[in-house]
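Here's the structure, in structure tokens; my notes come after.
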Amino acid sequence: MKRATILLTFVLMMIFIPETLVVNAGHVLTIDPSNPGPEISPFLYGVFFEDINHAVDGGLYAELVRNRSFEHKDPLEGWFADFETGCQATFSIDSDLPLNENNPHYLSFDIASDSGSVSLSNNGYDGITMMGGKRYVFSAFIRGNSEYSGEITVLLTDAKGNTIVEASLGSAFGAEWEKYSVEFEIAEDCDNGRLLLILRGAGEVCLDMISLFPEENWNGMRVDLLKMLEELKPGFVRFPGGCLVEGDSLDNAYRWKDTIGPVEERKANYNLWGYHQSYGIGFFEYLLLSERLDAEPIPIFNSGMSCQVRGAEYCPIDEMDEWIESVLDFIEFANGPQNSLWGSKRVELGHPKPFNVKYIGIGNENWGTEYHDRFLLFLEVVKEIHPQITIVFSGPPSYQGASFNRAWRWARENEVEILDEHMYAVPEWMLRNTDRYDKYDRSGPKVMLGEYAAHAAGTRNTLQAAMAEAALMTGLERNSDIVIMAAYAPLFNRPGWSQWTPDLIWFDNTRVYGTPSYHVQKLFNENLGDVVIPSKLTDENLEVIGYWFKSLYHVCVYDRETENLIVKIVNPWPEEKEVRVEIGEQLEIGGQAEVIVMTSDSIFDENTFQNPDKVLPEKYDLSGLSNEFTFTFAGNSITILRLNAVGL
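Residue numbers for the sequence shown follow UniProt numbering, so the first one is 1 and each next one is one higher.
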């Protein structure tokens, strides 16, 4: 993802619209079920997962220790060593006898005397938070020499240094690396704790992969953040990026093979967003996550180029085998038989059944001849061996202009199946372009809107931004024959460790909340429907200071399983709108409806840690409805009507 600069001749005009310019015209919404529109993609709304804003390390990945393997650029980042008075000792980062070749660095203490002690501490991310009544699992790889005669004690302490729990790891450590583990039960909550190791005795002792996990996790993932994803019910998961896939050089581009297997054997990497990835959540975990969410996995692979916006490094066209073979090996890993080379590795990890991956993406925000030539290499080889795999072609960072138009021309000429568009725009632009996909060529590639978000003033997650996104989504649904996937981006943000705003979900060590944009995604997915029902609104167009908007943004769909007609209306203007709804006789309206409304006192309102429920949807029931009724839509609101409707 890259920010697109959007030049507008007006500034936040929807915020300052005089009430006299917004006329309540008394609209009529005509819904015609006699000629249903396109079928809606069953996985239209998904999530895009990239390790930005510490979404993984310090986020969804439940590891509480920062830099557990001493593999950061500063190998002691996050660690603090202290020597008791009288203790004669030195410490260093060594690589002579590593745990394995992918994890070359470790911490070595050389203690000359047994007077005093050495302490080693880690505060994690903004302190280590421990919950009363919960259990935590500590582990570390340790080796010593024959001269070491001492003891290593592990403690969890509070912010003042008071011991909460402690345990001995032993007093004799052999010359070979061995894993030591201990479990703790915490009696009371601790908001800002730390992990402390105390070494007593003389000799040499080495440590690596020092880890602390809450016992309550799912495949290493925080259960509270996982629950937020589950409640979204996403249709697909696009992973692991994003610019993360590209790298700022090919050296630190994302290589999926580095991310599978035992965590101590995964090759940690410095990422494009300026921090390190432990790869505790790797490709195998992303596939498991997709499976748990009942979502289509959409893995993205490097196209043999690093990030073009940052000045690309290109793999020579005649040296592309590494990148192409990586994709082929992944397909075998995900889908191959148990006795295949990479399929057997999937079995070793505990998943004999294939994941049945149907889609892959090549490249992220790439463009031009350099990308097109490399994409063709992937396309030809993958399709020859795996014709059933659908390959997503990357569009450029811009969603309009010369490079964007060129990408579409090339995609049509080369029979691309899906083109990935990215769209970061101010709310006004989204409101003026909800019919964008009405004009797309139905005979060309399908669209995955792989990243989008409304960037309101200050890039805040306001109601204003959420309404603009909801308005755009009415256009996505109406054009679901061409737009088959769409995902808000980015997904997570950890304040204090952030590179990008706005974001869908905000969290810290213990708290998490969904933004208004999160609730829009959740509402639209819960009320997706199966088929578009054509609808028209009278007096729809609205001119504001020389620009055309719509007085209301709407889409109507039908859910066959529940026999519900679902009407979605966005009113981004301050005045309420009275609408006469007229539904064709092909549907028999049963009189009952569920109404869901999301609004707030101000379009600037947003959810926060202090007030996470400031902007939330509210539900109520409505009765006495027929094929014709009048409904008043609140100002600055997103409304969903679910009507009992038999006939389709």
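Where is the CB? At the ideal position from N, CA and C, for every residue including glycine.
Model, not experiment: these values are computed from the prediction.
Q: State the Cα-Cα distance for the pair T538 and V28, rounded to the nearest angstrom.
A: Cα to Cα, the separation comes out at about 5 Å.
Q. Which one or two residues does DSSP pair with N509 in a beta bridge?
A. Here N509 is not bridged, per DSSP, to any residue.
Q) Does DSSP put Y125 in a helix, a strand or coil? A) Y125: coil per DSSP, three-state reduction.
**Q.** Own chain residues within Cβ distance below 6 Å of I331, not counting five before or after
**A.** Same-chain partners within the cutoff: H386.
Q. Closest by CA to I484, which one among E264, L156 and V392?
A. When only C-alpha atoms are compared, the closest one is V392.
Q: Could you work out which residue in E178, G401 and D601 is closest to W367 when comparing CA atoms only?
A: That would be G401, whose Cα lies nearest to the Cα of W367.
Q. Leaving out five residues before and five after R310 in sequence, what residues of the same chain have Cβ atoms less than 6 Å from its Cβ?
A. So the list reads D248, once near-sequence residues are dropped.
**Q.** Residue from F633, N479, L207 and E216 with nearest C-alpha to K134
**A.** The shortest Cα separation from K134 among F633, N479, L207 and E216 belongs to E216.
(Q) If distances are taken between C-alpha atoms only, which option among K73, V154, S92 and N53 comes closest to S119? (A) Comparing Cα positions, the closest option is V154.
Q.
Determine whether the beta carbon atoms of S69 and M228 lie at a separation below 8 Å.
A. Not a contact, by the Cβ cut-off of 8 Å.
(Q) Quick check: the stretch 254-266 against the stretch 180-190, are at least 3 beta-carbon pairs closer than 8 Å? (A) No: the two stretches stay apart, fewer than three of their Cβ pairs being nearer than 8 Å.
Q. What number of angstroms, rounded off, separates the C-alpha of G220 from the C-alpha of L226?
A. Their backbone Cα atoms lie some 11 Å apart in a straight line.
Q. What are the residues that DSSP puts in a beta bridge with E296?
A. Beta-bridge partners of E296 (DSSP): F236.
Q.
Starting from Y429, trace the beta strand (DSSP E) in both directions and tell me its first and last residue.
A. The question names Tyr, but residue 429 is Trp in the sequence shown. No beta strand (DSSP E) holds W429; the alpha helix (DSSP H) holding it covers P427 to R432.
Q. Looking at C-alpha atoms only, which residue of V531, K522 and A457 is the closest neighbour of T501?
A. That would be A457, whose Cα lies nearest to the Cα of T501.
Q: For L8, count neighbouring Cβ atoms within 10 angstroms of its own Cβ and tell me buried if that reaches 16, exposed if not.
A: Low local confidence applies: a pLDDT of 36 at L8 is under 50, so the model's placement there is unreliable, with the coordinate-based value given in what follows. Exposed is the call here.
Q) Which class does F609 belong to by DSSP, given the choice of helix, strand or coil? A) In the structure shown, F609 sits in coil (DSSP, three-state: anything other than H, G, I, E or B).
**Q.** A140 - DSSP class collapsed to helix/strand/coil
**A.** Per DSSP, reduced to three states, the secondary structure at A140 is strand.
Q: Pull up the distance between the alpha-carbon of E380 and that of N145, whole angstroms please.
A: As the crow flies, the alpha-carbon of E380 is around 56 Å from that of N145.
Q: Go ahead and label N527 buried or exposed: buried means 16 or more other beta carbons lie within 10 angstroms of its beta carbon, across all protein chains shown.
A: Flag for N527 reads buried.
**Q.** Beta-ladder partner(s) of I638, from DSSP
**A.** The partner list for I638 (beta bridge, DSSP) reads V570 and M598.
Q: Over the uninterrupted beta strand (DSSP E) stretch that includes E578, give me the two end residues.
A: First-last of the beta strand (DSSP E) with E578: K577 to I583.
Q) What three-state label does DSSP hand I260 in the structure shown? A) Coil at I260, not helix or strand.
Q: Using 10 angstroms around the beta-carbon of V23, count the other beta-carbons present and answer buried if the total reaches 16, otherwise exposed.
A: For V23, the predicted structure reports a pLDDT of 41, less than 50, and the residue's modelled location is therefore unreliable. The matter cannot be settled from this model.
Q: For T599, count neighbouring C-beta atoms within 10 Å of its own C-beta (all shown protein chains included) and say buried if the count is 16 or more, exposed if not.
A: With 16 or more Cβ atoms within 10 Å of its Cβ, T599 is classed as buried.
Q.
For E151 and S139, I'd like the C-alpha separation in whole angstroms.
A. Taking the CA atoms as reference points, E151 sits about 16 Å from S139.
Q. Should I317 go down as buried or exposed, given a rule of 16 or more other Cβ atoms within 10 Å for buried?
A. Burial call: exposed.
Q | Contact set for V646: own chain, Cβ-Cβ below 8 Å, skip 5 residues either direction | A | Taken in chain order, the residues that qualify are E563, L587, E588 and G590.
**Q.** Sufficient close CB pairs (3 or more, under 8 Å) joining the stretch 422-434 to the stretch 320-339
**A.** Three or more beta-carbon pairs separated by less than 8 Å are not found between the stretch 422-434 and the stretch 320-339, which leaves the two stretches without contact.
Q. From E384 to L376, what does the alpha carbon distance come to, in whole angstroms?
A. Their Cα atoms are separated by approximately 12 Å.
Q.
Do A471 and T515 count as a contact pair if the criterion is CB distance below 8 Å?
A. It is not a contact, given that the beta carbons lie outside the stated cut-off.
Q) DSSP state of Q308, grouped into three classes? A) It is coil, neither helix nor strand.
Q) Taking the alpha-carbon positions, what's the S623 to P297 distance? A) P297 has its alpha-carbon roughly 41 Å from the corresponding atom of S623.
Q: Identify whether G458 lies in helix, strand or coil by the three-state DSSP scheme.
A: Correct three-state label for G458: helix.
Q.
To the nearest angstrom, how far is the alpha carbon of Y198 from that of F91?
A. Checking the displayed sequence, the identity of residue 198 turns out to be Ile instead of Tyr. The straight-line gap from Cα to Cα measures roughly 14 Å.
**Q.** Rounded straight-line distance, which links the Cα of E264 to that of I640
**A.** If you take the alpha carbons of I640 and E264, they lie about 49 Å apart.
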